Amino acid sequence: MADQQDDQQLNQLRSIILKDDDARVISTVKQHARDIVSDVITESIHDREKQDHSISTILTPIVENSVERSITNQRDRFIGYLYPLMGSLVRKYVSSFLNEILEKTNKIIENSFTYKGLKWRWQAKKAGVSFAQYVVSQTYLFRVEQVFLIHAETGLLLNAVALDADKEKDADLISSMLSAINDFVADSFTKSAQNNEGVDTIKTAHFTLVIKNGPLAIIAAAVTGNMPEEVPKKLQYSLEQIHQLYNHELQNFTGESTELANTEQLLRDCLITKIKSEQQPKGKKPWYAVIVFTLLLGGSLYYGLKPDNVAQQLSKLNDELGISVDAIQKQTNGYYRIKIWRDPAAINIKDWLVQQNINPDKIVISEQAFISAEPQLTQKKIATLLAKYQLSAQEKENRLVLQGRITYTALAELKVKLLNLLNETSLDTSQLQLIDLPNIEHDAQNIQRALLNEKLAQIATLQINFARANAELNALAKQQIQVQAINIKEAFKLAKQINVKLGILIIGTSDNQGTKLGNIEISKERAAIVKAALISNGVDATRLYALGIGEIKIPSVSNEARKVIFSRVML
Amino acid sequence: MLGSSAVGKTSLVRHYVDGIFSEKYLTTLGVKIDKKQLTVKDKQFQFLLWDIEGTDQYAAFQPRYIRGASALILVTDCTRIQTYIDAVDIFKQARQLTDVPIVLVINKTDLNKHWQLEEQTLLDHQHDFIEVIYTSAKTGTSVEQLFQSIGEYFVKHL
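For the record, the sequence lines run as chains Z and S. Under the working numbering, the first residue of the first sequence is numbered 505, with each subsequent residue one higher. Under the working numbering, the first residue of the second sequence is numbered 68, with each subsequent residue one higher.
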């Protein structure tokens, strides 16, 4: 009431003062209303909202209505905007759901104590993966043979890639037929006109066809073997990427597929093949030997059950120094596949086969390197090393006493190498005659520096290899990273002792397949994953620098350079 | 390629196209796809030919199958006037979905003609069809010309 009275009084006062000018004042204000309001509108809205929240109350239904109207009128456009976003949200949810399932499966399987269960459990432990993951890897052996990218509107082929180049020639016909099948299913089995979902998978006895439908394009893949969940996921991911990167080209497609030629890399990424890795490890730590000895025991028991002359002969390789047989398999064509662990100082396998009168051409050898801890082989290695430095040695009370003349730096080098073979406590260098007597303090630093250099060289020689278009760590890579983490931690310690600020560059590379941008991305991803693994192995995160450099333009290696390499940086 | 059943759509192209799919797809899926490559005035064309199953009643066809088509071939049989009546019906339905060029084919000209288009009708249709072609799947008369005329249309209009 008081307010109303005030207003009335104010109006009376205004009419007394302004009299006939009232209308003029109002019209002048109206003329400038836009400027006046625009000067203060933001602040006013802010103030009023703060005061009583009335702005948001009024705006909410207006915004809701506008959004609803835009979505109704431009449904396709909204789908286009939201498609990549929704995909990743759904994927995130699905992957967490699957993880949960995997965990549950893990528990169930862990309780199974069948022969196979126990064997796989052991293999999983050896490979450093969870039992459930190992079971999955054993169950899913597959190959994505061919991938098609199809224009949703016309059914025309936009791009296709195949493992076997012969298959690419009829891709355009197949793609049209696939979209016809997709349409057929969508029309025949979906009830509402709004629902445009087509086929998801088609299974035959020999292969599975996976189809992912997007608003503008369809991706289809022919998969042989047991298809794991990662294939549809990868297809979905590539499809979303293609929608995001080539939205304009897809919207305005006139039948000219050259504009979409660059989608090839994204499609190639889907040509996933699950094969067993046969990479050569370069680790230098003796714990491989421990695994090998136990494997040897299990392996010989297992293969001992199958009498076979050549196999029996081959299993004698186990008696050789620094060699452990992991598996011997007879192939259907009469060949033998033999998987062994071999110390670089051990006898050459081909030479051994010749000595045993076994035709080396009939044996397919897959060899992995390790450092054997067998005392005889170690002695042999020590003897070779000492000969190189022209030193001799005597064994006294379980200690190796070195004798001879050597320079201070050479001794530092030799010590690093020897300590890979024996404990520091079992090495006695007191009887060595040093040629250049050192300034103790200065040379203590030199030794540390030499040790650091040796460590850094060791760090630089290790490379982590990756599968094509993949940034996941395999079992070998995980072991290598454990070794590398120890190396890096030691290097940091040594650097600290001589007041050097040391950082490690983790450099991801890629092969020369596919687009430059994609290659840089994947190389970054590789570096990042290695960095994360090193950190989880206890390496100081602040001194690790991950970067991806894409492909390496050296002709002889560019095709295979899917690696992470290491380098030092002095800070 | 649209038209009533048994007007000879499949036979019309059988010897003139490259295909890998068997004709059983027509009855199961209602469509079979073949490929036709040709050169018209130094321009390379590749047609993906969707042979769509004909029906006897209601001149019905699967609208999804003509989605995204660049041209339509409407086939009739000169021994059955009903096929022409159906074709006009199909034409009207197709025009509601697409405005791509359409060729009218009058097939089986090796047999006695029971009907043919009068001059006036042809004039009436001159804006509807880019070409009206009399063909024989049996003797091969004018089948290549059919594809040529579609190619020429695109050379002229694109």
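Backbone N, C-alpha and C fix where the C-beta goes; we use that ideal spot for every residue, glycine too. In this text the structure is predicted, and so the values were computed from the model without any measurement.
Rounded to whole angstroms, what's the CA-CA distance from residue i to residue j? Just pull it up for me.
| i | j | result |
| --- | --- | --- |
| Z:K780 | Z:E878 | Caution applies to Z:K780, whose pLDDT of 40 falls short of 50 and renders its modelled position unreliable; the value that the coordinates give is listed next. Looking at the two C-alpha atoms, the distance is approximately 29 angstroms. |
| Z:D543 | Z:A537 | 10 angstroms |
| Z:Q860 | Z:G621 | 36 angstroms |
| Z:N1023 | Z:Q1017 | 8 angstroms |
| Z:R528 | Z:L522 | 9 angstroms |
| Z:L895 | Z:A973 | 50 angstroms |
| Z:E547 | Z:D511 | 25 angstroms |
| Z:T929 | Z:L904 | 9 angstroms |
| Z:E958 | Z:I844 | 29 angstroms |
| Z:Q509 | Z:Q516 | 11 angstroms |
| Z:A989 | Z:L998 | 14 angstroms |
| S:E90 | S:T77 | 8 angstroms |
| S:Q149 | S:G70 | 11 angstroms |
| Z:R953 | Z:I1008 | 16 angstroms |
| Z:T705 | Z:L662 | 20 angstroms |
| Z:S683 | Z:V714 | 13 angstroms |
| S:L116 | S:M68 | 7 angstroms |
| Z:D773 | Z:I1033 | 18 angstroms |
| Z:V533 | Z:Q745 | 54 angstroms |
Relative to the C-alpha of residue i, which candidate in the options has its C-alpha closest?
| i | options | result |
| --- | --- | --- |
| Z:T708 | Z:P565, Z:G729, Z:F652 and Z:R846 | Z:G729 |
| Z:R1030 | Z:L1021, Z:D1044, Z:G1007 and Z:G1054 | Z:G1054 |
| Z:K1035 | Z:D1015, Z:I1026 and Z:I1011 | Z:I1011 |
| Z:G908 | Z:Q748, Z:S934 and Z:A916 | Z:S934 |
| S:V172 | S:L189, S:V199 and S:D191 | S:V199 |
| S:L105 | S:Q113, S:L139 and S:Q163 | S:Q113 |
| Z:L922 | Z:A948, Z:K900 and Z:A891 | Z:A891 |
| Z:N927 | Z:N902, Z:E917, Z:N950 and Z:R846 | Z:N902 |
| Z:T836 | Z:I867, Z:E1064 and Z:Q516 | Z:I867 |
| Z:E994 | Z:K900, Z:L955 and Z:D556 | Z:L955 |
| S:F221 | S:L190, S:W117 and S:A138 | S:A138 |
| Z:T1013 | Z:L977, Z:A1065 and Z:K1057 | Z:A1065 |
| Z:P719 | Z:A815, Z:L667 and Z:M590 | Z:M590 |
| Z:A664 | Z:N766, Z:E657 and Z:K738 | Z:N766 |
| Z:D1015 | Z:K1067, Z:K1028, Z:E572 and Z:V1004 | Z:K1067 |
| Z:I583 | Z:D551, Z:Q748 and Z:V541 | Z:Q748 |
| Z:E768 | Z:F652, Z:V714 and Z:A948 | Z:F652 |
| Z:I685 | Z:D668, Z:L662 and Z:N717 | Z:N717 |
| S:D195 | S:Q160, S:E211, S:W182 and S:H181 | S:Q160 |
| Z:I722 | Z:L743, Z:K738 and Z:N1003 | Z:L743 |
Keeping to the same chain, check which residues put their C-beta closer than 7 angstroms to that of residue i; ignore five residues upstream and five downstream.
| i | result |
| --- | --- |
| Z:E553 | I559 and S560 |
| Z:P811 | Only weak support is given to the placement of Z:P811: the predicted model assigns it a pLDDT of 48, under 50, and the question is left unresolved by the model. |
| S:Q129 | G97 and I119 |
| Z:I832 | Y807, A815, L818, S819, Y840 and I842 |
| Z:D1044 | F996 |
| S:D182 | The displayed chain sequence assigns Trp, not Asp, to residue 182 of chain S. For S:W182, where only same-chain residues beyond five positions count, the Cβ hits under 7 angstroms are C145, I148 and Y151. |
Within the continuous alpha helix (DSSP H) that includes residue i, where are the two ends?
| i | result |
| --- | --- |
| Z:L856 | Reading the sequence as shown, one finds Trp at residue 856 of chain Z and not Leu. From DSSP, the alpha helix (DSSP H) with Z:W856 extends over I853 to Q859. |
| S:F158 | I148 to L164 |
| Z:N751 | N751 to Q755 |
| Z:V1034 | K1020 to S1040 |
| S:N174 | Not the alpha helix (DSSP H): S:N174 falls in the beta strand (DSSP E), residues I169 to N174. |
| Z:A995 | A979 to Q1001 |
| Z:K554 | A537 to D556 |
| S:T188 | E186 to D191 |
If I measure Cβ to Cβ from residue i and keep anything under 8 angstroms in the same chain, skipping five residues before and after, which residues do I get?
| i | result |
| --- | --- |
| Z:L660 | I654, D676, S679, S680, F757, G759 and S761 |
| S:G75 | V142, D144, N174, K175 and A204 |
| S:K223 | none |
| Z:P785 | Since pLDDT at Z:P785 reaches only 42, below the 50 mark, its modelled position is unreliable, and the value read off the structure follows with that caveat. Result list for Z:P785: Y792, Q872, A873, F874, L980, Q983 and Q984, in chain order. |
| S:G86 | K99, I100, D101 and K102 |
| Z:L809 | Any reading at Z:L809 needs caution, since the residue's pLDDT is 45, under 50, leaving its predicted position unreliable; the model's value is listed next. No residues qualify anywhere along the chain. |
| Z:G1042 | A989 and K993 |
| Z:K1088 | Because chain Z is modelled from 505 through 1075, residue 1088 of chain Z falls outside the range shown and cannot be assessed. |
| Z:N699 | Unreliable placement is indicated for Z:N699, whose pLDDT of 48 sits below 50; the coordinate value is still reported in the next sentence. A690, listed in sequence order. |
Give the range of the beta strand (DSSP E) segment to which residue i is assigned.
| i | result |
| --- | --- |
| Z:S828 | I827 to K834 |
| S:Y83 | S:Y83 -> no beta strand (DSSP E), and no H or E assigned at all. |
| Z:A725 | A721 to G729 |
| S:Q111 | K110 to I119 |
Report all residues from its chain with a CB closer than 6 angstroms to the CB of residue i; omit the five preceding and five following residues, and keep chain order.
| i | result |
| --- | --- |
| S:L93 | K99 and E120 |
| S:D177 | S203, K205 and T206 |
Answer yes or no: the CB of residue i versus the heavy atoms of the ligand GTP, is any distance below 6 angstroms?
| i | result |
| --- | --- |
| Z:A675 | Absence of the ligand GTP from the depicted structure is noted, as is the absence of any ligand whatsoever, leaving it without description. |
By the criterion of Cβ-Cβ separation under 7 angstroms, what are the contact partners of residue i in chain A?
| i | result |
| --- | --- |
| S:L105 | The structure shown has no chain A; the protein chains it does contain are Z and S. |
With a cut-off of 8 angstroms, do at least 3 Cβ pairs link the region 71-90 of chain S to the region 1041-1056 of chain Z? no
Between the region 846-857 of chain Z and the region 820-836 of chain Z, do three or more beta carbon pairs fall short of 8 angstroms? yes
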